[in-house]
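Student: Quick one: the structure is below, questions incoming.
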Amino acid sequence: MSTYSLAIHGGAGTILRSEMTEEQEASHRRALQQALAAGEQALAAGGSALTAVETAVKSLEDCEYFNAGRGSVFTHDGRNEMDASIMCGATLNAGAVAMVEGVKNPISLSRMVMERSDHVFLCGPGAQEFARDLEVPILEPDYFFSDFRYQQLEEARAKNRVQLDHSDKFG
Amino acid sequence: TVGAVALDLRGNLAAATSTGGLTNKRYGRVGDSSVIGAGTYANNATCAVSCTGYGEYFLRGVVAYDVSCLMEYQGLSLAEAADRVINHKQAAMGGDGGLIAVGHKGEIALPFNSEGMYRGWVRKGEKAVVAIYR
Chain H
3 MSTYSLAIHG GAGTILRSEM TEEQEASHRR ALQQALAAGE QALAAGGSAL
53 TAVETAVKSL EDCEYFNAGR GSVFTHDGRN EMDASIMCGA TLNAGAVAMV
103 EGVKNPISLS RMVMERSDHV FLCGPGAQEF ARDLEVPILE PDYFFSDFRY
153 QQLEEARAKN RVQLDHSDKF G
Chain V
-8 TVGAVALDLR GNLAAATSTG GLTNKRYGRV GDSSVIGAGT YANNATCAVS
42 CTGYGEYFLR GVVAYDVSCL MEYQGLSLAE AADRVINHKQ AAMGGDGGLI
92 AVGHKGEIAL PFNSEGMYRG WVRKGEKAVV AIYR
């Protein structure tokens, strides 16, 4: 196969144009371009699709604009609970974690579940224990804190509803 | 929610999705992003898919796998399968959001039925593209 392709997303929803200033839109675009460039670099160097998607998603998890990793939204009780999954099209092998806290890159932990356990899906305290056993650093909650996300939580609590990270739609 | 799908130089496909879930969520609620087949799926014979939107709809619709099945069992193209799932089946169920997908021939599909979606794509020898709105 002499070609490669890569696509990324940072979330969907009613991202109202009126909600974003030009500067915000520009910074979101820069963050997407960085993730795309990181993933493409892996592919162009002959890297695997698995490494390319992990690299691109890690870049987006490390950016506070998107609802994942450091930019994660808050649960009702003010925590950041993260979920992630990864799948290899060649082997149909897969790895996933749910409800993990303090993990900088949940997508990398998912890949560890796929490659260094006999399981596909680990969740909650067990996934946390697996991370500790593999010496994955568990970061303090303030790494994941942002005023913007906390205001979203306050707003949702006041209305007693759950909501997507960048929309006024409620569950 | 964030995600990526890729085809590499050896013809292998992969998909990845990561999320912080829903604001103010309780009771251990888990959406589609960590559920293989719902929010993430990859199969070299068909496509790699990563979804974003209201997770409950994507769980019920087993959306990522559905795209692959339409290609495998009904012979639809990636574009036809992705469009059918997002703009017809999901829209009919009230599920809004979108997905990104890459096929085993390197084709890319990015349908969404919400107002906006942060997305980007690049193919070998082509300029990278980033978009938010339609």
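Each protein sequence line maps, in turn, to chains H and V. Here the first sequence stands for residues 3 to 173, numbered as in the numbering used here. Here the second sequence stands for residues -8 to 125, numbered as in the numbering used here. Even for Gly, the Cβ is constructed at its ideal location relative to N, Cα and C.
(1) Any idea what DSSP makes of residue 172 of chain H, helix, strand or coil?
(2) Under the rule that 16 or more other beta-carbon atoms within 10 Å means buried, what is residue 32 of chain H, buried or exposed?
(3) Consult DSSP for residue 118 of chain H and reduce its assignment to one of helix, strand or coil.
(4) Measure the Cβ-Cβ separation of residue 99 of chain H and residue 86 of chain H and say whether it is below 9 Å.
(5) Keeping to the same chain, check which residues put their C-beta closer than 8 Å to that of residue 173 of chain H; ignore five residues upstream and five downstream.
(6) One question on the structure: do residue 60 of chain H and residue 110 of chain H come within less than 9 Å of each other, judged by their Cβ atoms?
(7) Could you tell me whether the segment 50 to 66 of chain H touches the segment -8 to -1 of chain V, where touching means 3 or more Cβ pairs closer than 8 Å?
(8) Measure the Cβ-Cβ separation of residue 62 of chain H and residue 113 of chain V and say whether it is below 9 Å.
(9) Report the CB separation of residue 7 of chain V from residue 88 of chain H in whole angstroms; it is logged as a contact under 8 Å.
(10) Give me the residue from H/27, H/37 and H/80 with the minimum Cα distance to residue 159 of chain H.
(11) Name the chain H residues that come within less than 9 Å of residue 71 of chain V, Cβ to Cβ?
(12) Report the partner residues of residue 38 of chain V according to the DSSP bridge assignment.
(13) Counting contacts by CB-CB distance shorter than 9 Å, is residue 54 of chain V in contact with chain H?
(14) Do you know whose CA, among H/132, H/108, H/97 and H/48, lies nearest residue 123 of chain H's CA?
(15) Can you pull the DSSP bridge partners for residue 11 of chain H?
(16) How many Å lie between residue 1 of chain V and residue 120 of chain H at the Cα?
(17) I'd like to confirm the pairing. Which residues does DSSP put opposite residue 102 of chain H in its beta bridges?
(18) Expressed to the nearest angstrom, what Euclidean distance is found between the alpha-carbon atoms of residue 6 of chain H and residue 47 of chain H?
(19) Could you have a look at residue 132 of chain H and say whether DSSP puts it in helix, strand or coil?
(20) So which residues on chain H does residue 80 of chain V lean against when the C-beta distance must stay under 8 Å?
(21) Since residue 22 of chain V sits in a beta bridge, which residues does DSSP pair it with?
(22) Compute the Euclidean distance between the alpha carbons of residue 81 of chain V and residue 129 of chain H, then round it to the nearest angstrom.
(23) According to DSSP, is residue 33 of chain V part of a helix, a strand, or is it coil?
(24) Does any residue of chain V have a CB that is nearer than 9 Å to the CB of residue 56 of chain H?
(25) Work out the CA separation of residue 105 of chain H and residue 134 of chain H for me, nearest whole Å.
(26) Examine the ligand NAD and report whether any of its heavy atoms sits within less than 8 Å of the Cβ of residue 87 of chain H.
Tutor: Reading from the atomic positions:
(1) Annotation note: pLDDT 31 at residue 172 of chain H (below 50); position unreliable, no value reported.
(2) exposed
(3) helix
(4) yes
(5) Only weak support is given to the placement of residue 173 of chain H: the predicted model assigns it a pLDDT of 27, under 50, and the question is left unresolved by the model.
(6) yes
(7) yes
(8) no
(9) 4 Å
(10) H/80
(11) Neighbours of residue 71 of chain V on chain H: none; closest Cβ ~17 Å, over 9 Å.
(12) V/94
(13) no
(14) H/97
(15) V/-6 and V/110
(16) 26 Å
(17) H/84
(18) 11 Å
(19) helix
(20) Chain H residues near residue 80 of chain V: none, gap ~16 Å exceeds 8 Å.
(21) Beta-bridge pairing links residue 22 of chain V to no other residue.
(22) 31 Å
(23) strand
(24) yes
(25) 10 Å
(26) As far as ligands go, the structure on display features none, and thus does not contain the ligand NAD.
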